[in-house]
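Residue 739 in my numbering sits at position 97 of the sequence shown, and the numbers go up by one each step.
Some notes on the structure that comes next.
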Amino acid sequence: MNKSRSESMRLFYALWPDDDTRDALVKLQVHVTGKRSRPENLHLTLAFLGEQPLSLLPALESLMHKLPSEPIALVIDIFGYFRRAEIAWAGPSEVPPPLTELHRSLQEELRSNEIFFDDTAQFRPHVTLARKAAPPATIAFPPLSWQANRFTLVQSTTSPSGVEYRILHELCFRKI
Ligand code: ATP
Ligand code: MG
643 MNKSRSESMR
653 LFYALWPDDD
663 TRDALVKLQV
673 HVTGKRSRPE
683 NLHLTLAFLG
693 EQPLSLLPAL
703 ESLMHKLPSE
713 PIALVIDIFG
723 YFRRAEIAWA
733 GPSEVPPPLT
743 ELHRSLQEEL
753 RSNEIFFDDT
763 AQFRPHVTLA
773 RKAAPPATIA
783 FPPLSWQANR
793 FTLVQSTTSP
803 SGVEYRILHE
813 LCFRKI
């Protein structure tokens, strides 16, 4: 590994599913074609940071503690498709205001810390089910309730067996 690589990490923030939600998401994967995400990789991205210097890790972790920290009631009830990326996903048809607020305040914290992240795309909360996928058929499925309470900072690495994610820092949102 060269010097610059070992001193940076590819990072993103995500909501990480609990085991029951993960199992339910895996069941949805039978409805999509292409290269399915590995079960342990399923997540909902909140912000993509890309390569960041290791020295920023303390700031990236501590800003997580400044954000709204209530569990977010998500209802995963639709399949979707990103045509250009050929990604089939599942997500909420209605974005709950607390999720919008978490996303907004995360962006605000990143900006005030002068941390670069990709904010070009409009936020479309989703869980990638498969890549190189065809558009999913419109299949109704029983809406899946996810009390999202695992807020994570994740490292992404690519190995010959595919992408691997490692949770570097995690907050567990609790009801107050
Ligand atoms: P790979 O790129 O190896 O196919 P991946 O896309 O899962 O795998 P990353 O590119 O590291 O891995 O992305 C991590 C997460 O961030 C994924 O959920 C991905 O969809 C999301 N992501 C990646 N790039 C962006 C981007 N430019 N804007 C928003 N989200 C992104
Ligand atoms: Mg990618």
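Glycine is no exception: its CB is placed at the ideal position from the N, C-alpha and C atoms.
Here the structure is a predicted model, which is why all the values come from computation and not from measurement.
Where does the unbroken beta strand (DSSP E) through M749 begin, and where does it stop? The amino acid at residue 749 is misidentified as Met; the sequence shows Gln. Counted as a single uninterrupted DSSP element, the stretch harbouring Q749 is not any beta strand (DSSP E) but the alpha helix (DSSP H) occupying residues 739-754.
With DSSP as the reference, label V717 as helix, strand or coil. strand
Just to check, is the beta-carbon of T794 closer than 7 angstroms to a non-hydrogen atom of the ligand ATP? no
Under DSSP, the alpha helix (DSSP H) around P700 begins and ends at which residues? In this chain, the alpha helix (DSSP H) harbouring P700 covers 699-704.
Cα-Cα separation, H673 to L667: 11 angstroms
Could you check the C-alpha separation between F783 and R678 for me, to the nearest Å? 18 angstroms
Are at least three pairs of beta-carbons, each pair with one atom in the region 717-737 and one in the region 688-705, less than 8 angstroms apart? no
List the endpoints of the continuous beta strand (DSSP E) containing A776. A776 -> no beta strand (DSSP E), and no H or E assigned at all.
Contained beta strand (DSSP E) runs [length at least 3] in the region 659-698, N- to C-terminal order: 686-695
Roughly how many angstroms separate the alpha carbons of Y807 and N683, rounded to a whole number? Distance between the alpha carbons of Y807 and N683: 7 angstroms.
Based on Cα-Cα distance, which residue from L744, C814, D661, L699 lies nearest to M651? L699
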